[in-house]
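S.K.:
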Amino acid sequence: MSTVPQPLASVLPCPLIDRAGPFDPYRVRADFPVLKQSVCGKPLVYLDNAATAQKPRVVIDTLQRYYACENANIHRGVHHLSQIATDAYEGARTRVRHFLNAAQDREIIFVRGTTEGINLVAQTWGRQQVGEGDEILISAMEHHSNIVPWQILCEEKGAKLCVIPINDRGELMLDEYEKRLNGRTRLVSVAHVSNALGTLNPVREIVDLAHRWGVPVLVDGAQAVPHLKVDVRELDCDFYIFSGHKLYGPTGIGVLYGKADLLASMPPYHGGGNMIKSVTFEKTTYADLPNKFEAGTPPIAGGIGLGAAINYLNQVGLDRAAVYEEDLLSCATEALSRIPGLSIIGTAPRKVSVLSFVIEDIHPHDIGTVLDQEGVAVRAGHHCAQPVMQHFGVPATTRAATAFYNTPEDLDALVRGLHKAIEVFR
Ligand code: 7TS
Numbered sequence: 002m003s004t005v006p007q008p009l010a011s012v013l014p015c016p017l018i019d020r021a022g023p024f025d026p027y028r029v030r031a032d033f034p035v036l037k038q039s040v041c042g043k044p045l046v047y048l049d050n051a052a053t054a055q056k057p058r059v060v061i062d063t064l065q066r067y068y069a070c071e072n073a074n075i076h077r078g079v080h081h082l083s084q085i086a087t088d089a090y091e092g093a094r095t096r097v098r099h100f101l102n103a104a105q106d107r108e109i110i111f112v113r114g115t116t117e118g119i120n121l122v123a124q125t126w127g128r129q130q131v132g133e134g135d136e137i138l139i140s141a142m143e144h145h146s147n148i149v150p151w152q153i154l155c156e157e158k159g160a161k162l163c164v165i166p167i168n169d170r171g172e173l174m175l176d177e178y179e180k181r182l183n184g185r186t187r188l189v190s191v192a193h194v195s196n197a198l199g200t201l202n203p204v205r206e207i208v209d210l211a212h213r214w215g216v217p218v219l220v221d222g223a224q225a226v227p228h229l230k231v232d233v234r235e236l237d238c239d240f241y242i243f244s245g246h247k248l249y250g251p252t253g254i255g256v257l258y259g260k261a262d263l264l265a266s267m268p269p270y271h272g273g274g275n276m277i278k279s280v281t282f283e284k285t286t287y288a289d290l291p292n293k294f295e296a297g298t299p300p301i302a303g304g305i306g307l308g309a310a311i312n313y314l315n316q317v318g319l320d321r322a323a324v325y326e327e328d329l330l331s332c333a334t335e336a337l338s339r340i341p342g343l344s345i346i347g348t349a350p351r352k353v354s355v356l357s358f359v360i361e362d363i364h365p366h367d368i369g370t371v372l373d374q375e376g377v378a379v380r381a382g383h384h385c386a387q388p389v390m391q392h393f394g395v396p397a398t399t400r401a402a403t404a405f406y407n408t409p410e411d412l413d414a415l416v417r418g419l420h421k422a423i424e425v426f427r
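Numbering follows our numbering, with no gaps: position 16 of the sequence shown is 17.
(1) Nearest by alpha-carbon distance to proline 227: which of Ala404, Val59, Val35, Arg427 is it?
(2) In whole angstroms, what separates the C-alpha of glutamate 295 from that of isoleucine 109?
(3) Using a Cβ-based criterion (distance less than 8 Å to any ligand heavy atom), does arginine 66 qualify as near ligand 1?
(4) Return the residue from the list Thr281, Tyr287, Gly255, Gly272 that minimises the CA-CA distance to isoleucine 301.
(5) Check phenylalanine 426 in the structure and name its three-state DSSP category.
(6) Does the stretch 161-172 come into contact with the stretch 345-365, if we say contact requires no fewer than three beta-carbon pairs (one atom in each stretch) closer than 8 Å?
(7) Sorted by chain position, which residues of the same chain lie with C-beta nearer than 6 Å to aspartate 232's C-beta, five sequence neighbours on each side aside?
(8) Please report how far the alpha carbon of glutamine 316 lies from the alpha carbon of alanine 309, in whole angstroms.
(9) Looking only at its chain, what residues have a beta carbon closer than 6 Å to the beta carbon of glycine 342, apart from the 5 residues adjacent to it on each side?
(10) Are the CB atoms of alanine 333 and leucine 412 within a distance shorter than 9 Å?
(11) Compute the distance between the beta-carbons of glutamate 177 and alanine 160, then report whether it is under 9 Å.
(12) Which class does phenylalanine 294 belong to by DSSP, given the choice of helix, strand or coil?
(13) For alanine 414, tell me which candidate among Arg400, Gly318, Val324, Leu45 has the shortest Cα-Cα distance.
(14) At a cut-off of 8 Å, would you count valine 220 as near ligand 3, judging by its Cβ distance to the nearest heavy atom?
(15) Return yes when at least one heavy atom of ligand 1 lies under 8 Å from the C-beta of glutamine 224, else no.
(16) Looking at C-alpha atoms only, which residue of Ala141, Ser140, Pro388, Glu136 is the closest neighbour of leucine 154?
(17) With DSSP as the reference, label aspartate 262 as helix, strand or coil.
(18) From the DSSP output, in three-state form, read off glycine 255 for me.
(19) Alpha carbon to alpha carbon, how far is asparagine 275 from isoleucine 61? Give it in angstroms, no decimals.
(20) Check the C-beta distance from cysteine 163 over to valine 208 and give it rounded, since I have them as a contact under 8 Å.
(21) With distances taken between CB atoms, is the gap from glycine 443 to valine 122 smaller than 9 Å?
(22) Taking 9 Å as the cut-off, decide whether the C-beta atoms of threonine 399 and leucine 372 are in contact.
(23) Quick check on the DSSP output: the alpha helix (DSSP H) that includes glutamate 133 runs from which residue to which?
(24) Of all the options Ala89, Pro23, Ile363, His76, which has the alpha carbon lying nearest to the alpha carbon of cysteine 70?
(25) With DSSP as the reference, please indicate the residues paired to lysine 43 in a beta bridge.
(26) Distance, Cα to Cα, cysteine 15 vs glutamine 38?
(27) Tell me where the beta strand (DSSP E) around glycine 303 begins and ends.
(28) Would you mind giving the Cβ-Cβ distance between proline 299 and tyrosine 287, rounded to the nearest angstrom? I have them listed as a contact below 8 Å.
(29) Find the nearest neighbour of arginine 234 within the set Val218, Leu337, Ser244, Glu375, judged by alpha-carbon distance.
(30) Cα separation between glutamate 375 and serine 331?
(31) Buried or exposed for serine 195, going by 16 or more other Cβ atoms inside 10 Å?
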């Protein structure tokens, strides 16, 4: 039988428990209505933030107000509501631009999410630029959505998918990366933060090395933007992609940032309304950026909701929240390390939010089920990163992924739940 240690909430150092300090998770938490409920008779402890984040009241209210008072199609109506909706949607694009510190609004393309953004680049830039014998370079820690689109492209073009290996801490091996860059490399596409391991990759270094070969870099920022301030001009990446729903915004909206020259040189992805200048049966000319890549009625409410989420984040202060989250992660890491038979998968020194782990002789799904009965929501599985599981020789992990609204009490509930799982299954 394992003994449950002293609660973290009572032993954690400042600033974690300094409620009047630079960041107050208890105050922020009150902004999220969904967190106020009970599950299985226990207060909900939501630690599945890498799958999707919860939404603050202001995002929910913005969506409701949009549908109740402002709903209209955009870019085409001369009427009042259409103008309001268009202004709100384009205003959201400007907010995203500032959020990423992109140079121009037209570098911000609204898509459905990270998956669609990566497929867009693969099917437009990729089909135009990649030929037989060329190489696309990804890493061994990618989410399936940064693997499969490139495999589809490589298969069609007779190109080769090359993989940067990771070490046993789950870090990208930079020396191996350098060795794989060559005259045939057409694109490097890597995660900013790994969803299965939490590893924070040195994107600026990766970009600098690729640019020496004249190779553009796509960064999958799905797991990074909710936790750290991203500056695409400082990173100098060529594409940066993320999903709104992981950034406290709605589902069905995401962002593809691309350098203007690159985006302008790419053929369109989807054809239809909104993406044209003129259409005849003989020839169609395409709209300028960003419309060229936003065919059809876009996710208007999603864009406006994402704008509200970014506004909210600006008020919370992502920089201050990041410091708190860093403390939370190191406390959680220490607490989990003390649990007998538990191994953390992904132990890079530079990590964000994610704690993936296995416990000897207990299947991750069983751990997830016991935790659910304790009100604790985690994800158990391969996290759409099967090659990562293969690297570590495990079929699956249990994953707790924190957000800035998680508290030391949440970590205590997780630790208690894990001790319970050990009692039940051992
Ligand atoms: N890239 C990374 C690094 C991700 O973590 C995810 C989703 C995606 C791409 C795809 O994002 P989507 O919004 O288009 O689906 N990751 C996860 C996860 O870890 N658990 O559920 C979804």
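Ideal placement from N, C-alpha and C gives every residue a C-beta, glycine not left out.
Bear in mind the structure is a predicted one, so any value in this text is a computation, not a measurement.
M.R.: The short version:
(1) Ala404
(2) Between the C-alpha atoms of glutamate 295 and isoleucine 109 there is a straight-line separation of about 11 Å.
(3) For arginine 66, the shortest separation between its Cβ and any heavy atom of ligand 1 does not lie below 8 Å.
(4) Gly255
(5) helix
(6) yes
(7) Hits under 6 Å: Asn102.
(8) 11 Å
(9) Ile360, Glu361
(10) A contact, by the Cβ cut-off of 9 Å.
(11) no
(12) DSSP places phenylalanine 294 in helix when its eight states are reduced to three.
(13) Leu45
(14) Looking at this structure, you won't find ligand 3 anywhere; what it does contain is ligand 1.
(15) Using a cutoff of 8 Å, the CB of glutamine 224 counts as near ligand 1, since one of the ligand's heavy atoms is closer than that.
(16) Measuring from the Cα of leucine 154, the nearest candidate turns out to be Glu136.
(17) helix
(18) Strand, per DSSP.
(19) 28 Å
(20) With a Cβ gap of about 17 Å, cysteine 163 and valine 208 do not count as contacting.
(21) Because the chain spans 2 through 427 in this model, residue 443 falls outside it and cannot be assessed.
(22) yes
(23) Neither: glutamate 133 is in no alpha helix (DSSP H) and is coded neither H nor E.
(24) Ala89
(25) Val40
(26) Note that cysteine 15 scores 39 on pLDDT, short of 50, meaning its location in the model is unreliable and no value can be drawn from it.
(27) Looking at the DSSP string, glycine 303 is not in any beta strand (DSSP E); the run it does join, the alpha helix (DSSP H), is 301-317.
(28) At roughly 16 Å, the Cβ-Cβ gap does not stay under 8 Å, so proline 299 and tyrosine 287 are not in contact.
(29) Val218
(30) 23 Å
(31) buried
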